[in-house]
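To keep things clear, I will list the structure first and then write my remarks on it.
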Amino acid sequence: MVRDVEQTKRRLREAALAEFAEHGLHGTTVERIASRAGVNKERLYSYFGDKTALFTSIVVEEVDKVTAAVPLAVASLDDVAEFAGATFDYNQDHPDLTRLVLWEGLAHTGVLHDAANRGAHYENKVAVMAAAQRAGLVADTPAAPHLVFLLLALAGWWSATPQIARMFADADADTPGERAARRAAVVEAARRLASPRA
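In this note's numbering, the protein residues as written are 778 to 975.
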């Protein structure tokens, strides 16, 4: 029985991820999530409370995944550049993450439900970058919080606006060589942004 419950929760989470990434919090219905999962919608309410709570838990889970998959450790300028490249790769391989975060920004105007936990992820990255700045490994400006945010934006915006990227590059990310060219541009831009000034 426990196994069935866990499988049902997993199916609901997978269906919710797909629905929320495609339609956002307000455009997604509990009925569509349940139908996609092949589960009675009462199970969703029973396991997750309501649609907003499920959306929040999906976003938190996806942010936790990228944080674990792409840590920031800075022993050299190359590490900063590779962090941006690895973040770019993650966003390309997991486009639902970018969509979820964009939908979240449109749906929430106040404090996020899991702001403290998610903030800790970002604070850790900022602390690592600030230490690298104090050690002279990377530029001391922009300030560490701004530098980390700029690196995340640099790496993620390709996934956030593929239609605009296509207009600039006249190619999709899956066009042979294009993804590698975009990644190389992200890595080089990150290196230049973080490079200590002489």
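Where a beta carbon is used, it is the ideal one built from N, C-alpha and C, also for glycine.
Here Gly862 is buried: its Cβ has 16 or more other Cβ atoms, across all protein chains shown, within 10 Å. The Cβ-Cβ distance between Ala950 and Gln869 falls below 8 Å. Taking 8 Å as the cut-off, the Cβ atoms of Leu928 and Ala904 do not count as close. Take the alpha-carbon of Val963 and the one of Thr785: they are about 40 Å apart.
By the Cβ-count criterion, Ile810 is buried, with 16 or more other Cβ atoms from all chains shown falling within 10 Å of its own Cβ.
Using a 10 angstroms sphere on the CB of Lys828, the tally of other CB atoms reaches 16 or more, which defines it as buried.
Within the same chain, and ignoring the five residues on either side of His898 in sequence, the residues whose Cβ sits closer than 6 Å to its Cβ are Thr844. Per DSSP, the unbroken alpha helix (DSSP H) holding Ala961 starts and ends at 955 to 971.
Note that the segment 807 to 825 does not touch the segment 837 to 855; fewer than 3 beta-carbon pairs, one per stretch, sit closer than 8 Å.
Residue nearest to His871 within the set Glu838, Ser812, Ser853 is Glu838 (criterion: CA-CA distance).
Runs of the beta strand (DSSP E) lying entirely within the segment 909 to 944 and spanning at least 3 residues: none are present. With contact defined as three or more Cβ pairs closer than 8 Å, the segment 939 to 948 and the segment 876 to 886 are not in contact.
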